[in-house]
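Chemist:
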Amino acid sequence: MWVEIVLFFVLVLVYAVLRDRRPRNCPPGPVEIPFFGRMPFFDEKMGEYLKENYGDIVSYRTGTLRSVFLFDSDTAKEALGRLDFADRPDFFSTFSFDDQKTGGVIGSNGAQWQHDRRFVLRNLRNLGMGKSYLEEAINIEAKALVEDLKKYDGEAINYPDSFRTVALNIIWQMVASTRYDLRSNEVETIYRLTKEFQNNFSTLLFLPLFIPALNLLPKPLKNFIFRDYLVDAFVEEMKIVIDDTVDKHLEDYDPDNPRDLIDEYIKDMKTSEGDENSLFRRGALNQIVNDLFGAGSDTVNNQLKWMAYLLARYPEYATRMQQQIDAVVPRDRMVSLNDKPNLPLVEAFTVEALRYASILIFNVQRSATRDTNINGYFIPKDTLIQVGNYSIHHDPRYWDDPHKFYPERFLDESATKYTAPKKAFFAFGSGRRQCVGELLARMELFLFTAAIVQHFDVRPPHGVDLSLEECANLGGLRVPADKKLIYKPRN
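This is the structure in structure tokens:
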């Protein structure tokens, strides 16, 4: 009797292990522990290891989620453009501020995503994205940034919060008609919670997303093991900010004088009242506002950190850019977009910084909407698709001396004209979910970088060697480790 029972359980276990194996004709990848797979990772070193050992298309599983990583530019661009890979994974809804968990432009899918994305793109364009009159608003923030950095009087400081606030102010004026003082206490709590989350980040934090059974653990135990409280605190604080902002707009909404994106959404929401099929909803609006708040400030903030770090590490480029700027722009005038053709090195510097930094180590996950294939490999439904941005941006197949910071790669032979990258550039994503704010981000990075270069010499403190590059990994974001730098006003 006992023999039969033991044999039965052995057969069940063998069957379960066989069922748990990598599906036939899936891309190659590392050995997987049955029922677990492998620990999740968010760093470029592991991506490079997978690429070197298993090729350009690699399969990797954690818990119930299988990922396929793409390290080839052409394959990645083709995949990101396919309808098969247009969706986000289901776990994105975990962080949604929408009561129906379907709204927004970053983590939503299907008809609601298409609706919200079209609305955001249309209204950001109407509000100035990519147009010259938005330049005035950016340069107001650039001037404020210059004045804020001058207040430190040449003292060595860590990357200031004003990097994030100037970026937030641009998008937040378009979204909510609000501008914060660069040293405002109103956003201090959010910044503090963001830093606390980043400083305490570990891969364990995201393990319950890959292994849903872990969510059944008691909350105190999850807080202890996975530090759930960090995410909870940040989400609750953001909900307060978003709810207060939208509530205030609803209170003083004037249908004849819409001021910003929230007002435009409210107008459409009120117009469609009574229509059961309408996709204009308060929950979706909350998520759209949250998406734009985070994406509009975090990305540019982290890239400005890279700009400051690279200016300090490569002062020869800063000197050459200053010479270009001084030749065409009076010192009492801010650089404008009209100056861009005469400042090719400034534009080349910002684009090379995007490539070199590769802030987003892996493109935001997509999910296979059905069983499909990539280059002949079988890709099961719900497989996560991730493009190795860092690996592609540092691949010698596409870039000469890829680990060298070399803005000249984006200049013509005479070094008098900027030349845009033609392939293997994924700083703003690609395909159906390419960043909706790309034009705005490019405008900001050019004008903010030019403002810093025009008014400051950025240097490390005496005795600090920046050639020993140190990067911090903040949950898949690659940023320079906190360094005290000196922003010395130019004479």
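Residues -16 to -1, 1 to 475 in mature numbering (1 follows the signal peptide of the UniProt record, and there is no 0) are what the sequence shown lists, from first letter to last.
Glycine residues also receive a C-beta, built at the ideal position from the N, C-alpha and C atoms.
#1: So what does DSSP say about Lys343, is it helix, strand or coil?
#2: Does the structure place the stretch 342 to 358 close enough to the stretch 424 to 433 that three or more beta carbon pairs sit under 8 angstroms?
#3: Figure out for me which residue from Lys135, Glu120 and Glu125 has the closest Cα to the Cα of Tyr471.
#4: Under 7 angstroms Cβ to Cβ from Asp247, same chain only, skipping five residues before and after it: list those, please.
#5: With a threshold of 6 angstroms on Cβ separation, who are the neighbours of Phe147 within its own chain once the five nearest residues in sequence on each side are excluded?
#6: Where Pro444 and Asn142 are concerned, what is the direct C-alpha to C-alpha distance, given to the nearest angstrom?
#7: I'd like to check one pair, Asp82 with Ala268: are the Cβ atoms closer than 9 angstroms?
#8: By Cβ distance, which residues of its chain are closer than 7 angstroms to Asn153, with the 5 residues on each side in sequence left out?
#9: Give me the Cα-Cα distance between Arg304 and Lys365, rounded to the nearest whole angstrom.
#10: Give the list of continuous beta strand (DSSP E) stretches no shorter than 3 residues that lie fully inside the stretch 6 to 82.
#11: DSSP on Ile90, reduced to helix/strand/coil?
#12: What's the C-alpha gap between Pro386 and Ser398?
#13: So the candidates are Arg102, Gly13, Arg243 and Pro299; which of them puts its Cα closest to the Cα of Gln418?
#14: Measure the alpha-carbon distance for Gly94 versus Ser320 and round it to whole angstroms.
#15: Is DSSP giving Pro444 helix, strand or coil here?
#16: Looking only at its chain, what residues have a beta carbon closer than 8 angstroms to the beta carbon of Arg339, apart from the 5 residues adjacent to it on each side?
#17: Just how far apart, CA to CA, sit Asp275 and Asp74?
#18: Give a yes or no on whether the C-beta atoms belonging to Val348 and Ile90 are separated by under 9 angstroms.
#19: For Asn169, does the count of other Cβ atoms within 10 angstroms reach 16, so buried, or fall short, so exposed?
#20: If you draw a straight line from the alpha carbon of Gln271 to that of Gly278, how long is it in whole angstroms?
#21: Using alpha carbons as the reference points, say which of Phe26, Cys10 and Ser57 lies closest to Ala407.
#22: By the three-class DSSP mapping on this structure, what secondary structure does Tyr249 have?
#23: Would you tell me roughly how many angstroms separate the C-alpha atoms of Trp97 and Ser262, rounded to the nearest one?
#24: Quick one, are the C-beta atoms of Leu431 and Glu119 less than 9 angstroms apart?
#25: Tell me whether His446 is buried or exposed, calling it buried when 16 or more other Cβ atoms sit within 10 Å of its Cβ.
#26: Establish whether the CB of Phe277 and some CB of chain C are separated by less than 9 angstroms.
#27: Between which two residues does the alpha helix (DSSP H) carrying Pro196 extend?
#28: Taking only three categories from DSSP, how would you classify Gln418?
Modeler: Reading it off the structure:
#1: Reading the sequence shown from its first residue, position 359 is the one you call residue 343. It should be noted that the sequence gives Ile, not Lys, for residue 343. In this structure, Ile343 counts as coil in the three-state DSSP scheme.
#2: Judged by Cβ distances under 8 angstroms, the stretch 424 to 433 makes no contact with the stretch 342 to 358, as fewer than three pairs qualify.
#3: Translated into the one-based positions of the sequence shown, residue 471 becomes position 487. When only C-alpha atoms are compared, the closest one is Lys135.
#4: Here residue 247 refers to the residue found at position 263 of the sequence shown. So the list reads His233 and Tyr237, once near-sequence residues are dropped.
#5: Sequence index remark: in the sequence shown, residue 147 carries index 163 (1-based). Taken in chain order, the residues that qualify are Asn285 and Leu288.
#6: In the sequence shown, residue 444 corresponds to position 460, counting from 1. In the sequence shown, residue 142 corresponds to position 158, counting from 1. Taking the straight line from one Cα to the other gives about 11 angstroms.
#7: Sequence index remark: in the sequence shown, residue 268 carries index 284 (1-based). Sequence index remark: in the sequence shown, residue 82 carries index 98 (1-based). In this structure, Asp82 lies closer than 9 angstroms to Ala268 by Cβ.
#8: The sequence position of residue 153 within the sequence shown is 169, counting from 1. Take Asn153, set aside five residues on each side of it, and the residues of its chain with a beta-carbon closer than 7 angstroms to its own are Glu125, Arg163 and Tyr164, in chain order.
#9: In the sequence shown, residue 304 corresponds to position 320, counting from 1. In the sequence shown, residue 365 corresponds to position 381, counting from 1. Computed Cα separation, rounded: 52 angstroms.
#10: 41 to 46 and 49 to 54
#11: Start at 1 with the first residue of the sequence shown, and residue 90 comes out as number 106. In this structure, Ile90 counts as coil in the three-state DSSP scheme.
#12: Along the sequence shown, one-based indexing puts residue 386 at 402. Along the sequence shown, one-based indexing puts residue 398 at 414. Their Cα atoms are separated by approximately 21 angstroms.
#13: Along the sequence shown, read from residue 1 onward, the residue named residue 418 stands at position 434. Checking every option, the nearest Cα to that of Gln418 belongs to Arg102.
#14: Stepping through the sequence shown from its first residue, residue 94 is reached at position 110. Stepping through the sequence shown from its first residue, residue 320 is reached at position 336. So the two alpha carbons sit approximately 39 angstroms from each other.
#15: Along the sequence shown, read from residue 1 onward, the residue named residue 444 stands at position 460. In the structure shown, Pro444 sits in coil (DSSP, three-state: anything other than H, G, I, E or B).
#16: Looking up residue 339 in the sequence shown gives position 355. So the qualifying residues of the chain are His377, Trp383, Pro405, Phe409 and Ala411.
#17: As a working mapping, residue 275 is identified with position 291 in the sequence shown. As a working mapping, residue 74 is identified with position 90 in the sequence shown. Rounded to the nearest angstrom, the two C-alpha atoms are 17 angstroms apart.
#18: Here residue 348 refers to the residue found at position 364 when the sequence shown is read from its first residue. Here residue 90 refers to the residue found at position 106 when the sequence shown is read from its first residue. Taking 9 angstroms as the Cβ cut-off, Val348 and Ile90 qualify as a contacting pair.
#19: As a first step, residue 169 is located in the sequence shown; it is residue number 185 there, counting from the start. Classification for Asn169: exposed.
#20: On the sequence shown, position 287 is the one that residue 271 refers to. On the sequence shown, position 294 is the one that residue 278 refers to. Approximately 11 angstroms between the Cα atoms of the pair.
#21: Indexing the sequence shown from 1 puts residue 407 at position 423. Residue 407 is actually Lys in this sequence, not Ala. When only C-alpha atoms are compared, the closest one is Ser57.
#22: Here residue 249 corresponds to residue number 265 of the sequence shown, with the count starting at 1. Annotated three-state conformation of Tyr249 is helix, per DSSP.
#23: Within the sequence shown, the letter at position 113 stands for residue 97. Within the sequence shown, the letter at position 278 stands for residue 262. Cα to Cα, Trp97 sits roughly 13 angstroms from Ser262.
#24: Position 447 of the sequence shown, counting from 1, holds the residue named residue 431. Position 135 of the sequence shown, counting from 1, holds the residue named residue 119. Yes, the Cβ-Cβ distance between Leu431 and Glu119 is below 9 angstroms.
#25: The residue you call residue 446 lines up with position 462 of the sequence shown. His446 comes out exposed.
#26: Here chain C cannot be found, since the structure has a single protein chain.
#27: By 1-based counting over the sequence shown, the position of residue 196 is 212. First-last for Pro196: undefined, no H or E at that position.
#28: Reading the sequence shown from its first residue, position 434 is the one you call residue 418. Gln418: coil per DSSP, three-state reduction.
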